[in-house]
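Worksheet: the structure to be examined is printed underneath.
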Amino acid sequence: MLTGKKGIIFGVANQHSLAWKIAQRCAAHGAQLAIAYQNDRFEEKVNALAQELPDAFTLQCDLNNDAEIQQVASTLRERWGQVDFMAHCVAYALREELMGRYLDTSREGFKLALETSVYTFVAATRHLEPILRDGASILTLTYLGSERVVPGYNVMGVAKAALEASVRYMASELGERQIRVNALSPGPVSTLAARGIRGFTSMMEYVRHHAPFKRDTDPNEVGDAAVFLFSDMGRGITGEVIYIDAGYHILGM
17 MLTGKKGIIF GVANQHSLAW KIAQRCAAHG AQLAIAYQND RFEEKVNALA QELPDAFTLQ
77 CDLNNDAEIQ QVASTLRERW GQVDFMAHCV AYALREELMG RYLDTSREGF KLALETSVYT
137 FVAATRHLEP ILRDGASILT LTYLGSERVV PGYNVMGVAK AALEASVRYM ASELGERQIR
197 VNALSPGPVS TLAARGIRGF TSMMEYVRHH APFKRDTDPN EVGDAAVFLF SDMGRGITGE
257 VIYIDAGYHI LGM
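Residue 269, in the working numbering, is where the sequence shown stops; the numbers in between run on with no holes.
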């Protein structure tokens, strides 16, 4: 489905990252990949993971740094010329902002969560826009806490709501070039970011018992959905939030 396509995945931290699951499934379908990690802390782990893929290389990129994003764009231009797809799998909030009331969110904590979880998506797309092929596909990861109150999600819920709004605005602006912009909304998956949410284990158990499928979200399902959106089979879909949560989002109670 992705043979001949070239794409970059931002946000791989370890083998449990949804970004890594997306990378694995894209590689399995023939894509050439650039795997981007945030800083030196993740370099050794991500380099080792990338070696498991048949046609992948790694890049360091802190998406809160415009100069680093531009360097990545320049590297991709030199190496590939154009890019067919991009996955943004980056989110962050200070742990203390997820512990108490949303009303007690600090100004600095709010700015950090919104910049890292939302603006990085805008910035990455803007810097890569000149090398995106017409008909390219872009996606980010969101969560149901953007539209429902999830205990302990706090400022991240507000950030994800802003991220989903960004998907719609960017889809509108890039549509003339047939560039698609979408979000995947998985159910609770045990990742590095998720484990920072208070009561996450209980959240997973609750969803497992109440979702129509009566099971957890399989991370590989997220990767497969990304493959579909990156492929030509997803060419008619843009501006959407696609739920991959065993059906949990349909429930009223």
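Heads up, the beta-carbon is just placed ideally off N, CA and C, and yes, glycines get one too.
When secondary structure is reduced to three states using DSSP, D71 falls in the coil class, being assigned neither helix nor strand.
Counting other Cβ atoms within 10 Å of its Cβ, K127 stays below 16 and is therefore classed as exposed.
In this structure, V106 is the residue among V106, K230, V171, I38 with its C-alpha nearest to the C-alpha of Y53. DSSP places V197 in the uninterrupted beta strand (DSSP E) bounded by 196-202. According to the DSSP secondary-structure assignment, V257 is paired through a beta bridge with A199.
Apart from sequence neighbours up to five positions away, the residues of its chain that approach V171 with a beta-carbon distance below 7 Å are A109, E113, Y118, T121, G125, F126, A129, ordered along the chain.
Boundaries of the alpha helix (DSSP H) harbouring V138: 136-144, taken from the DSSP string. With respect to the C-alpha of M17, the residue from A227, Y264, M249 having the closest C-alpha is M249. Contact between T233 and G203 holds, with the beta-carbon distance rounding to 4 Å and staying under 8 Å.
Contact annotation: Q76 and E59 have beta-carbon atoms nearer than 8 Å.
Leaving aside the five residues that flank T207 on each side, the residues in its chain whose CB is nearer than 7 Å to its CB run, in chain order, H32, S33, L34. Distance from the CA of V134 to the CA of I266, rounded to the nearest whole angstrom, comes to 25 Å. Apart from sequence neighbours up to five positions away, no residue of its chain approaches N81 with a beta-carbon distance below 8 Å. A distance below 8 Å separates the beta carbons of K21 and F246.
In this structure, the beta-carbon distance from V99 to I24 falls below 8 Å. Every alpha helix (DSSP H) stretch that sits fully inside the stretch 66-119 and reaches 4 residues is listed by chain position as 82-96. Per DSSP, the unbroken alpha helix (DSSP H) holding T217 starts and ends at 216-226.
Across the structure, I258 and L179 are spaced so that their CA atoms are roughly 14 Å apart. Comparing alpha-carbon positions, the option among T141, V223, G168 lying closest to F101 turns out to be T141.
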